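A quick write-up on the structure given underneath.
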Amino acid sequence: MWYLIVFFISMVPIVEIRGAVPVAVANDLNLFWTYVICILGNMLPVPIIYLFARKVLVWGSDKKVIGKFFSFCLEKGEKGGRKLEAKAGNGMFVALMLFVGIPLPGTGAWTGTLAASILDLGFKKSVIAVMCGVVIAGIIMGIGSVLVANGINFIFAP
Numbered sequence: 005m006w007y008l009i010v011f012f013i014s015m016v017p018i019v020e021i022r023g024a025v026p027v028a029v030a031n032d033l034n035l036f037w038t039y040v041i042c043i044l045g046n047m048l049p050v051p052i053i054y055l056f057a058r059k060v061l062v063w064g065s066d067k068k069v070i071g072k073f074f075s076f077c078l079e080k081g082e083k084g085g086r087k088l089e090a091k092a093g094n095g096m097f098v099a100l101m102l103f104v105g106i107p108l109p110g111t112g113a114w115t116g117t118l119a120a121s122i123l124d125l126g127f128k129k130s131v132i133a134v135m136c137g138v139v140i141a142g143i144i145m146g147i148g149s150v151l152v153a154n155g156i157n158f159i160f161a162p
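Numbered by our numbering, the letters in the sequence shown go through residues 5 to 162 in order.
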């Protein structure tokens with residue numbers, strides 16, 4: 005049951021693998037299987053985001069109820085993409101991978117894929133860079149979560 009919950013948490017924008025791994029560690033799930041499930045869950049929406057998110061956001065940006073939010077998402081993706089492009093130059097693959105891989109709020113697979121889509125990076129190159137970033141973020145979150153959990157157990161153990 006917890007593996008399914010962790011899978012779905014890893015699919016949620018902003019939270020992604022950064023939130024799923026600590027939940028799994030807190031519930032004593034096997035770290036290897038947690039890692040595999042979280043990567044699959046985090047990567048599942050990536051092709052859909054790349055192929056359709058920009059089109060949906062452009063379509064909805066002038067709608068009455070959702071327009072402001074969709075415009076905000078488009079602007080955030082474009083701003084993030086341009087910023088990434090300015091810093092990276094020709095090293096966009098590595099820049100995208102590191103952007104997704106460094107576990108900070110707003111730098112996950114969803115935002116990275118949207119930025120790649122807006123910048124018209126190739127589909128295959130974008131998906132591979134995002135996957136490498138998700139793998140890096142998973143490793144960082146796994147190590148960090150285990151260290152924090154062991155520290156808490158050490159401090160509060162009888």
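C-beta atoms are modelled at their ideal positions from N, C-alpha and C, and glycine is treated no differently. Here the structure is a predicted model, which is why all the values come from computation and not from measurement.
Assigned exposure category for residue i - 16 Cβ within 10 Å defines buried
i, result
"residue 90", "exposed"
"residue 46", "buried"
"residue 30", "exposed"
"residue 79", "exposed"
"residue 88", "buried"
"residue 109", "exposed"
"residue 10", "buried"
"residue 26", "buried"
"residue 96", "buried"
"residue 125", "buried"
"residue 53", "buried"
"residue 102", "buried"
"residue 21", "buried"
Proximity winner among the options, relative to residue i (alpha-carbon distances)
i, options, result
"residue 116", "76, 156, 71 and 134", "134"
"residue 113", "75, 93 and 51", "51"
"residue 104", "7, 145 and 66", "145"
"residue 37", "139, 7 and 58", "7"
"residue 62", "68, 55, 53 and 74", "74"
"residue 82", "64, 58, 99 and 96", "58"
"residue 153", "14, 35 and 15", "35"
"residue 77", "106, 142, 121 and 40", "121"
"residue 19", "150, 64, 55 and 138", "138"
"residue 40", "151, 150, 155 and 143", "143"
"residue 85", "131, 123 and 23", "123"
"residue 49", "118, 148 and 151", "118"
"residue 16", "128, 44, 151 and 5", "44"
"residue 107", "129, 128, 56 and 140", "140"
Host alpha helix (DSSP H) of residue i (start-end)
i, result
"residue 26", "20-30"
"residue 10", "6-15"
Contact test: residue i Cβ vs the ligand COA heavy atom, cutoff 7 Å
i, result
"residue 29", "For the structure depicted, the ligand COA is absent and the ligand set is empty, with no information on it obtainable."
Suppose only complete runs of 4+ residues qualify. What are the alpha helix (DSSP H) ranges in the segment 43-127, listed by chain order? The segment 43-127 contains these whole alpha helix (DSSP H) runs: 58-64, 71-92, 96-105 and 113-122.
Could you give the uninterrupted runs of the alpha helix (DSSP H) lying entirely in the segment 129-156, keeping only those of 4 residues or more? none
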